[in-house]
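Read the structure below first, then the notes.
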Amino acid sequence: MKNFMVFDIGGSSVKWSVINTNGEFVESNKFNVPENKSEFFNELSKITNEMKKVHYVKGIAISAPGAVDSETGIIGGVSAIPYIHGPNFKEILRGTTGLETELENDANCAALGECWLGAGKNNNDLAFVVCGSGIGGAIVKDKKIHGGTHKHGGEFGYCSITCDFEGEPKFTSWSQAGSTIALAKGVARLKGLEEGSLDGIGVFELCKNGDEIAIKEVNKYYFIMAVGIYNIQYTFDPEVIILGGAISEREEYIDEINKRLDILMNSDLEGTIKPFLKKCEFGNDANKLGALYNYLQRQE
C-alpha cells in the first residue's frame, strides 16, 4: 500500500493529509497560509519531508484554487493567495522533496473525489456543482476532468441565468443570481435591514420560521438553482449531477430543488429528462481525495 502527501490549498489555511491508494486517511493536519511564497513552499516541503520519514510517502497531490494547468504545474487566474499564481509547483517541489507532484483545480478535485469513492463512484460521466457564495463546478467525462480549451470546463457560474431587456440589455450570471450572498442581501433589503446583517443560513432559518419575505426569496433561489441544473442536463447530459458546498448539506436542499425541477419538467419547456441529483458524500475531504485520484490517473 502506497501513501501520498495531499494538500488542499484554501484562502486562509492549507489542509493536508497522508492518504493511501485505497483513499484511507493516515494522518491529517493544517497550517495557516503564510505571508509570502518562500514561506509557503518551505512549509509544503518541510511537512512532506517529515511525512516521507514517517509514512514513506511516494508523491505529492495538490488541490488549489485558480486556473490550474495540470500539465505544466503552473496556476493561472486569481485567488485569495496571489503568490501561488506563476510559480511552477512541479519543479519547485521536485527540487525540495525529490517527489513528483500533480495538481488540479479545487472544484475539479472535489468532483474527482466524488467520482472515485463518493456519490459518483458508479458513474463515468457526471457534473459537480459547488453551491454557496457563488456557483462553481466541474465536468467529469469517462472518470476524467474535462477542462476545456481554456480551462473553463464546468465553470457553470459564468452562465447567464437571467436577462432584462428593458432599455439596455442586462444579464445576470448564475453565480450572481444563485449565490447565498445575493439571497441574503435581497432579503435584508426587502426587510429594511442593514446590509450584512443576514447570511444565507439566517435566511433559511427565517424561511423555516414562516417569514413571508424569506419564503418568497428562498422559493426564487430554488428556482434559479433548478434552472441552472436543468441547463447542465441539456448541455452535457450527465448520468448524475452532484451538489456540494455548505448549503447543500441542508436536509431539505435537494428535495426543494427537485420540486422546482418537477415544475420545469411540466412547463412549456421541451425537455423530458429530469436531472438526477445527489449530495456530495465527502464534504471538504472530497478535494483531497480528488487531488490524489488526479495524481494516480496521471502518474500510475
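Okay, so the sequence shown: first residue is 240 according to the numbering used here, each after it adds one.
We put the CB at the ideal spot given by N, CA and C, even for glycine.
All of these numbers come straight from a predicted model, not from anything done at the bench.
Identified DSSP bridge partners for residue i
i    : result
G307 : Checking the displayed sequence, the identity of residue 307 turns out to be Val instead of Gly. In the DSSP output, where bridge partners are listed per residue, V307 has I314.
E343 : S302
W255 : F246, N268
H324 : I314
G375 : V369
C398 : None, per the DSSP bridge assignment.
L516 : I480
F410 : C402
I384 : V379
V296 : N242
Supposed close pair residue i, residue j - CB separation, criterion 8 Å
i    : j    : result
A303 : L342 : 6 Å
I493 : L528 : Their Cβ separation, rounded to whole angstroms, is 21 Å, which puts I493 and L528 out of contact at 8 Å.
N533 : D345 : Contact doesn't hold; Cβ gap of about 11 Å is too wide.
T340 : I301 : 7 Å
I542 : T419 : Here the chain covers residues 240 to 539 and nothing more, so residue 542 does not appear.
C446 : I440 : With a Cβ gap of about 11 Å, C446 and I440 do not count as contacting.
K383 : Q536 : 6 Å
F280 : I331 : 5 Å
I480 : V368 : 6 Å
Where residue i falls, given that 16 or more other Cβ within 10 Å makes a residue buried
i    : result
N271 : exposed
G357 : buried
N347 : buried
T287 : buried
I512 : exposed
I314 : buried
G312 : buried
Y473 : exposed
P477 : buried
K329 : buried
P514 : buried
F404 : exposed
V317 : exposed
A530 : buried
G183 : One cannot answer for residue 183 here, as it falls past the ends of the chain, which runs 240 to 539.
D501 : exposed
G449 : exposed
D381 : exposed
A319 : exposed
G386 : buried
Proximity of residue i and residue j at Cβ, strictly below 9 Å
i    : j    : result
F410 : T401 : yes
N275 : Y322 : yes
G262 : Q538 : no
R499 : F443 : no
A366 : G483 : no
V293 : E266 : yes
K424 : I452 : no
V253 : F264 : no
Y460 : L432 : no
*asked:* Would you call the region 389 to 406 in contact with the region 356 to 365, where contact means no fewer than 3 C-beta pairs closer than 8 Å?
replied: no
*Between the region 366 to 380 and the region 415 to 423, are three or more C-beta pairs nearer than 8 Å?*
Cβ pair count under 8 Å is three or more, so yes.
*asked:* Under 8 Å: do the region 500 to 510 and the region 241 to 249 share three or more Cβ pairs, one atom per stretch?
replied: no
_Three CB pairs or more closer than 8 Å across the region 461 to 473 and the region 344 to 357_ = no
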